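Inspection log for the structure reproduced underneath, given as structure tokens.
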Amino acid sequence: MTEDGFRGREVPIWIFRGDGLSGEERQYMVELSPGMVVLDAVLYVQQHEAPDLAVRWNCKAAHCGSCGAEVNGRPRLLCKTRMDDYMRRNEAVHVGPMKTFPVIRDLVPDIRKNYEIARRIPPFTPAHPAPFQLWPEDVERLKEFRRCIECFLCQDVCHVLRDHHRLDHYMGPRFMLKLAELDMHPLDTRDRTPYVRREGGVDWCNVTRCCSDVCPEAIAITENAIIPLKERVADRYFDPIRDFWRGRSRRPAPEPPEK
Amino acid sequence: MNIDPLHYDVLIVGAGGAGLRAALAAAEEGARVAVLSKSLLGKAHTVMAEGGIAAALGNLDPYDSFDTHFYDTMKAGHFLNNYRMVSLYTQEAPDRVLELETWGAVFDRTEDGRIMQRPFGAHSFRRLAHVGDSTGKELIRTLEYKILATKRVDVYPEVITTRLFLDDNGRAAGAFCYQRDDGRFLIFSAHAVIMASGGWGRVYKVSSNSWESTGDGAAISFRAGAELMDMEMVQFHPTGMVWPPGVRGILVTEGVRGEGGLLFNSQNERFMLRYDPERKELSARDVVSRSIFREVQAGRGTPHGGAWLDISHKGPAYIKRKLPTMYEQFLKLADLDITRERFEVAPTTHYTMGGLRVEAETGATNIEGLYACGETAAGLHGGNRLGGNSLGDLLVFGRRAGLAAAAYAARRPGTSSLSYSSIEEERRRVLAPFAIESGENPYLIHAQLQQLMSTYAGIMRSGTSLTDGLGHLERLSERANRMSADGGLHFNPGWGLVFDVQNMLTLARAILTGARERRESRGAHWRTDYPDEDPEEGRRNIVQTLGPDGRIKVRDEPVPEMPPDLRRLFDDPVSPGVKRQREEASRARGSEGA
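Top line first, the protein sequences correspond to chains A and B.
Heads up: the first sequence begins at 14 in this note's numbering, then just goes up one per residue.
Heads up: the second sequence begins at 83 in this note's numbering, then just goes up one per residue.
Right, here's the structure in full:
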């Protein structure tokens, strides 16, 4: 277990206090305990000094994805980020809300838009009702996608959303993952490629792999979800050999009819 | 203040598995449904369920059957269960699992492509359909996306419900709520209300439950006149994390033992061989919890007061495939590699078997138009819940409550009327904490309540401890009347905690009262002054109501008696499936010999 040298030591933590209009970091003192995570420190402040300090959390074990925020500018789950990692490096701890979304208060962002996108995604449409015969290897492949805890750290870090504010054009990594998962379910009957391109906006992703880097569930979002989706879109719309047979036209292929 | 109520056919308090399944069922029947979620959609405590859904699909063990599952569940519940609920549950659970698959859930598979099932404590056969060790996440994510794609269901995220309204005829008519983000009040009127707000594990200090599990639906219904039952029955899960302090109480899935994990005391003795030589580590939860507790009491506990759990003999590849979340959880939060080392576990408050008293088929309570399902309702699990029966409970009885509430709402004409004065009265009550100067800190009151309950009504109780506990609780409740809130209306956790603590104080009183009333040890309820089961006591469920004077009234309700054909199952020391299996085996041996 953690070196007990940190136990009982009082250390400062800087937490953003404010709303969408104004706010500032404030310093609080926290008594360290072994294995303490940043969420423990935030809740300590809530209990001892600032009862109205706003933070989302539920499970405290990285299953629910509620406590996404930024620690020293990096998107993280607060329940999985250890205080002693910073203490060891003599680094101060600064906690703020996810930057890509509007702030409701303190560490709580307004992430309603993510649920609006989720609502629009065409649902799983199986060929027939269960029972299904699914092979273990199919299930293993889907499992990576289904590990997602919807913490939205990937949406937070994505350049298209964070720096260019293009959530209206590109659904973001979480929903590329969802679309890839549905697409790869052996029983799903929908053709989702046109949707991935048009509504999903998969072309906006420029494959910087930041989403894979921040994913607390270690899902290779770019590599295993977005790139395969991009390949499907490319095969469908930009296949040069098919274009050649279509009469050497340089025009893009016509939009396929929607299902 | 805008007091225009929002009208719905069915109002559902709670957005875990039970609430969402109820919403789907009600919407299917054509009802307009509102779901009130205390957190964001998909974050409810269901997400934490790890082990699986118990359903007698018989994919691995063809001798499994609903009557075998019935036998296991009644026996584990020490016959306090409502047998009709158990019967419905065990017959319908397989369909509910398959339906999830139709909606997109992806369960672990057998080699021939069917749903895999794992063994679990006190189940006769391999029975739990599962997704690694994150089955609850799969369940709630599946229902979440199904709800999002369903018309007629509006989900209100981050809403606190403070009061249930009845109309002039004493029927459920709506609720008073506020939105966490901006503190805006929401008044709902509805023809039918379903309480699906989970349990109240946060009443105790060491708990596997999230901040939300404060029993809001049960407490506000109790205040409105609903009956609570079996409140003394609180499940202490044998294996919670122990160290470091920040993770104390977080669940270690029973799947670890299901997959072959062994328990040892500080003297390296596999003590479960002594307490239950037959089922060993996979004994019922109440038995394993008490065994660990006794070992610690006897001075054979681990450094931080628990037992060792060891799965390392299964090898890293197997553990990482079957228990990936556990592996990750210990590595990240406790610096411990469970593929190589054993780890400390101790009992943690996990589940409340008691709750609102309901009709088996519909989830209807004693208040007309008010329904309850899932952990909020009592009856299915009796004195002790079998692992895996909770996720199935949500689906089976969530659906049943949704159907019944929608049917009732369709029968009730017009809009439900709410009285202006009761709305105004509640508005004032909800704002009151801001007006109290130098009041009590709700965080502190909560911590003291947790300490109190763990001391006086924990895994081990006695008449004296419970009476003392009630005395302390009365004094704490008096102080709690002066709980105050700082800051503003926008996303203010301290303000919300005032109502959480009020609800928990109410339910804590019912736990202490019920526990003092039950003069025996049965299932999760362990009285040192009455250490044995008493057949007479086992014939009653303890029912509580709240009088207008604020006093609790206790009455007995006879445990529903099984019809003879079901009763006869229990003449055998083994379950029907195991019996059939043994008969078959001995016939096979006989014919081999011939």
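We put the CB at the ideal spot given by N, CA and C, even for glycine.
Source: prediction; values computed, not measured.
Apply the 10 Å Cβ neighbour rule to B:Phe148 and answer buried if 16 or more other Cβ atoms are within range, or exposed otherwise.
-> buried
Chain-ordered neighbours of B:Asp190 on chain A, where CB pairs are closer than 7 Å = Val152
Of the residues that make up the stretch 93 to 112 of chain A, which ones have a beta carbon closer than 7 Å to any beta carbon in chain B?
-> Lys93
Could you tell me how far apart the beta carbons of B:Gly218 and B:Leu405 are, in whole angstroms, since I believe they sit closer than 8 Å?
-> No, B:Gly218 and B:Leu405 are not in contact; Cβ-Cβ is about 15 Å, not under 8 Å.
Under a CB-based cut-off of 7 Å, is A:Cys77 close to chain B?
-> yes
Interface residues of chain A around B:His432 at Cβ under 9 Å?
-> The contacting residues do not exist; B:His432 stays about 13 Å from chain A at best.
For B:Thr321 and chain A, any beta-carbon pair shorter than 7 Å?
-> no
Among B:Thr444, B:Asn164, B:Val92 and B:Val95, which residue has its Cα nearest to the Cα of B:Glu643?
-> B:Asn164
Do we get a CB-CB distance below 7 Å when we pair A:Met42 with the residues of chain B?
-> no
The alpha helix (DSSP H) spanning A:Pro207 covers which residue range?
-> Thr206 to Arg210
What residues of chain B sit near A:Val50, judged by a beta carbon separation below 8 Å?
-> Gly328 and Leu415
Since A:Val7 and A:Val84 are thought to touch, with beta carbons under 8 Å apart, how far apart are those beta carbons, to the nearest angstrom?
-> Coverage of chain A is limited to positions 14 through 272, which leaves residue 7 of chain A absent and any answer about it impossible.
Looking at the unbroken alpha helix (DSSP H) that takes in B:Asn585, where does it start and where does it end?
-> Pro575 to Glu599
So who's on the other strand from A:Pro25, going by DSSP bridges?
-> A:Met42
Endpoints, the alpha helix (DSSP H) within which B:Ala109 is located = Gly99 to Glu110
Endpoints, the beta strand (DSSP E) within which B:Ala488 is located | That residue, B:Ala488, is in no beta strand (DSSP E); its alpha helix (DSSP H) goes Asn471 to Arg493.
Write down every uninterrupted run of the alpha helix (DSSP H) in the stretch 329 to 412 of chain B whose length is 4 residues or greater and which is fully enclosed by it, in chain order.
-> 337 to 340, 354 to 357, 367 to 379 and 398 to 404
Under a three-way DSSP split, which group does B:Glu193 fall into?
-> coil
Which full runs of the beta strand (DSSP E) of 3+ residues lie inside the stretch 199 to 279 of chain B, going along the chain?
-> 235 to 238, 241 to 248, 254 to 261 and 267 to 277
C-alpha distance - B:Gly343 paired with B:Phe202, whole-angstrom precision = 11 Å
For the ligand GDP, any of its heavy atoms closer than 6 Å to the Cβ of B:Thr407?
-> The ligand content of the structure shown is nil, which means the ligand GDP is not present either.
Simplified DSSP state of B:Ala138, which is helix, strand or coil | coil
May I ask you to list, following chain order, the residues of the stretch 285 to 313 of chain B that have a beta carbon less than 8 Å from some beta carbon of chain A?
-> Ser292, Trp293 and Glu294
Tell me, please, which residues DSSP counts as bridged to A:Pro88.
-> A:Glu83
Compare the C-alpha of B:Arg103 against each of B:Gly133, B:Ala486 and B:Leu418 and name the closest.
-> B:Ala486
Could you pull the start and end residues of the alpha helix (DSSP H) that A:Tyr227 belongs to?
-> Correcting the residue identity first, residue 227 of chain A is Val in this sequence and not Tyr. Run containing A:Val227: Cys223 to Val227, per the alpha helix (DSSP H) assignment.
With B:Glu619 and B:Gly469 assumed to form a contact (beta carbons below 8 Å), what rounded beta-carbon distance in angstroms separates them?
-> So it is not a contact: roughly 25 Å between Cβ atoms.
Neighbour list for A:Arg205 in chain E, Cβ cutoff strictly below 9 Å = In the structure shown, chain E does not exist; the protein chains are A and B.
Residue burial classification, B:Met167 (beta-carbon count within 10 angstroms, cutoff 16) = buried
Can you tell which of A:Leu52, A:Ala63 and A:Pro135 has the C-alpha that lies nearest to the C-alpha of A:Arg69?
-> A:Leu52
Leaving out five residues on either side along the sequence, give the residues of the same chain with a beta carbon under 8 Å from the beta carbon of A:Val246.
-> Thr206, Val209, Arg210, Val215 and Asp216
C-alpha distance - B:Pro398 paired with B:Thr421, whole-angstrom precision | 5 Å
What separation, rounded to the nearest whole angstrom, lies between the Cα atoms of A:Asp201 and B:His212?
-> 21 Å
Reduced DSSP secondary structure (H/G/I, E/B, other) of B:His432 = strand
So which residues of chain A does B:Asn523 contact, with C-beta pairs closer than 9 Å?
-> Gln60 and Pro64
Alpha carbon of B:Asp550 to alpha carbon of B:Ala539, nearest angstrom = 10 Å
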